[in-house]
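A quick write-up on the structure given underneath.
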Amino acid sequence: MTHSEHIAFLVSNKLGDSLLLLPLAHNLVRSGHRVTVFGQQAHALSSWLPGLDVRPVPSEGVSALAQFDSLFQMDVDQPIALDPHNCPRPLRSLTMWLRQQPAQPRLFLDELRHFAKAVYGIEDWSAACGLVTQHPERWRQNRRRIVIHPTAGSAERYWSDSKFIQLAQRLCRDGHDVAFVVEEREAAAWQAAAQGQPFTVNHFESLQALGDYIHESGYLIGNDSGIGHLASALGVPTVTISHRPRNMLRWRPQWAPGVIVPHLWLPLRAWRRKYWRLAVTVAAVTRSLRQLQKMEARNDRPNVTAPPGLGKAVVTEIPPA
-19 MTHSEHIAFL
-9 VSNKLGDSLL
1 LLPLAHNLVR
11 SGHRVTVFGQ
21 QAHALSSWLP
31 GLDVRPVPSE
41 GVSALAQFDS
51 LFQMDVDQPI
61 ALDPHNCPRP
71 LRSLTMWLRQ
81 QPAQPRLFLD
91 ELRHFAKAVY
101 GIEDWSAACG
111 LVTQHPERWR
121 QNRRRIVIHP
131 TAGSAERYWS
141 DSKFIQLAQR
151 LCRDGHDVAF
161 VVEEREAAAW
171 QAAAQGQPFT
181 VNHFESLQAL
191 GDYIHESGYL
201 IGNDSGIGHL
211 ASALGVPTVT
221 ISHRPRNMLR
231 WRPQWAPGVI
241 VPHLWLPLRA
251 WRRKYWRLAV
261 TVAAVTRSLR
271 QLQKMEARND
281 RPNVTAPPGL
291 GKAVVTEIPP
301 A
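Here the sequence shown is numbered in the numbering used here, starting from -19 and rising by one per residue.
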């Protein structure tokens, strides 16, 4: 593609997928295209996305997209159900393109870079997510605070409420300030569990308010969820507890340094799926955090004034069990 287009750029309803797709939108703009981003999660962060026109997903569906020269959507079924053979404008789908490529073990952002080059002719690629908070000077100003996000988009990704509480207690004993972040509908149950405990439970009125809180914190520990990707996009290191750790070789948070918590070895795949929560110990999570802190200490530089490493994806490590 050599000519400039007005592109309707539709991002996922999922927070993590939305953030992972934003580098492509920024690169398209830098390449001279006019890009309008549609997405509920992206729109909630629109004031942090300078240079992008971000709007909610149109309620009219595909009929609202006829004014554009072309469409981009990762999957054809959401956020708008599209028929690749009957679209009002040419459709470019990352998932459809990947099905035509040889399978390779890559970071998602590496896949996106190859797609951008093959489909849009983009050679000068930046993996930056492009989130700019209103107070960048507050980045990680509370290094002792560890944010724990104990939930996820689906119950199968939840680790263990009781183990998260044990983890928080251990981290507090080690001298950290520990703060759980949950949705409002989850807050009452978690606040009851926090009675008499040395940690706090917090919920926020908006995704941006939650982002501000994470941006000012030292680390985030949580299940595989969009909040982990948000923390990474804001330059905050992450420890991720995943029900499928090898799957995280592609989908892990990819901007700030991070570690995927290893599982104890189980011999059968069915057992690994069924008993994964038992295979992730509190000790393994704390070791992963210490490993992350050691990684940071090795790479520490004086007079750091802005989040490092936001321009390209970093390798997230899976430590030995």
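Quick reminder that beta carbons are idealized off the backbone N, C-alpha and C, glycines included.
Note that the structure is a prediction, hence the values are computed from the model and not measured.
Start and end residues, alpha helix (DSSP H) containing residue i
i: Gly12; result: Per DSSP, Gly12 belongs to no alpha helix (DSSP H) and is neither H nor E.
i: Ala264; result: 262 to 278
i: Gln21; result: 20 to 24
i: Arg253; result: 249 to 254
i: Arg79; result: 74 to 79
Buried or exposed (CB count within 10 angstroms, at least 16 for buried), residue i
i: Lys(-6); result: buried
i: His(-14); result: exposed
i: Tyr100; result: buried
i: Val284; result: For Val284, the predicted model reports a pLDDT of 35, less than 50, meaning its position is unreliable and no value from the coordinates is stated.
i: Trp256; result: buried
i: Val112; result: exposed
i: Ser27; result: exposed
i: Ser(-2); result: buried
i: Arg232; result: buried
i: Ala189; result: exposed
i: Leu29; result: buried
i: Asp204; result: buried
i: Leu248; result: exposed
i: Ser(-8); result: buried
i: Leu0; result: buried
i: Gly155; result: exposed
i: Gln53; result: buried
i: Ala211; result: buried
i: Val294; result: Confidence at Val294 is low in this model, with a pLDDT of 40, below 50, so the placement of that residue should be treated as unreliable; the coordinate-derived value is given next. So Val294 ends up on the buried side.
i: His(-17); result: exposed
i: Leu290; result: Any reading at Leu290 must be qualified, since the residue scores a pLDDT of 41, below 50, and its modelled position is unreliable; the value itself is stated next. Classification of Leu290: buried, given that the 10 Å Cβ count is 16 or more.
i: Pro217; result: buried
i: Ala286; result: Confidence at Ala286 is low in this model, with a pLDDT of 37, below 50, so its placement is unreliable and no value can be given for it.
i: Trp105; result: buried
i: Thr296; result: Below a pLDDT of 50, predicted positions are generally treated as unreliable, and Thr296, at 48, falls in that range; no measurement from the model is reported.
i: Trp245; result: exposed
i: Gly215; result: buried
i: Asn7; result: buried
i: Ala(-12); result: buried
i: Ala46; result: exposed
i: Gly12; result: exposed
i: Ala305; result: Here the chain comprises residues numbered -19 to 301, so residue 305 is not present and cannot be evaluated.
i: Ala250; result: exposed
Integer-rounded CB distance, given that residue j should sit under 8 angstroms from residue i
i: Leu(-10); j: Val9; result: 16 angstroms between Cβ atoms; not a contact.
i: Pro70; j: Val37; result: Incorrect: roughly 20 angstroms between the Cβ atoms, too far for contact.
i: Val239; j: Val260; result: Going by Cβ atoms, the distance from Val239 to Val260 rounds to 13 angstroms, so no, they are not a contact pair.
i: Val(-4); j: His209; result: Looking at the sequence provided, one finds Gly at residue -4 rather than Val. Going by Cβ atoms, the distance from Gly(-4) to His209 rounds to 4 angstroms, so yes, they are a contact pair.
i: Leu4; j: Gln234; result: That pair is no contact at about 13 angstroms.
i: Ala83; j: Arg125; result: Between Arg125 and Ala83 the Cβ distance is about 40 angstroms, and since that is not below 8 angstroms, they are no contact.
i: Gln121; j: Glu196; result: 5 angstroms
i: Tyr199; j: Leu92; result: 26 angstroms between Cβ atoms; not a contact.
i: Gly133; j: Gly206; result: 7 angstroms
i: Ser73; j: Asp55; result: 7 angstroms
i: Val265; j: Ile194; result: Not really, about 18 angstroms apart at Cβ, beyond 8 angstroms.
i: Glu185; j: Pro237; result: That pair is no contact at about 30 angstroms.
i: Leu2; j: Ala22; result: 7 angstroms
i: Pro178; j: Cys152; result: 4 angstroms
i: Pro64; j: Met76; result: 7 angstroms
Terminal residues of the beta strand (DSSP E) in which residue i lies
i: Ser318; result: Since the first and last residues shown for the chain are -19 and 301, residue 318 lies out of range.
i: Gly41; result: Here Gly41 belongs to no beta strand (DSSP E), and DSSP marks it neither H nor E.
i: Ala51; result: According to the sequence displayed, residue 51 carries Leu and not Ala. Element bounds for Leu51: 50 to 53.
i: Ala61; result: First-last for Ala61: undefined, no H or E at that position.
i: Arg35; result: 33 to 35
i: Leu29; result: Per DSSP, Leu29 belongs to no beta strand (DSSP E) and is neither H nor E.
i: Ala(-12); result: -14 to -10
Chain D contact for residue i (CB, 8 angstroms cutoff)
i: Ala135; result: Within the model displayed, chain D is absent; a lone protein chain is all it includes.
I'd like the ranges of any alpha helix (DSSP H) spanning at least 4 consecutive residues and lying wholly in the segment 83 to 166. 88 to 100, 141 to 153
At least 3 beta-carbon pairs within less than 8 angstroms: the segment 160 to 168 vs the segment 94 to 112: no
List in chain order: all unbroken beta strand (DSSP E) runs of 3+ residues lying wholly within the segment 168 to 246. 180 to 182, 197 to 203, 218 to 221, 238 to 240
Are the segment 260 to 273 and the segment 214 to 229 touching, with three or more C-beta to C-beta distances below 8 angstroms? yes
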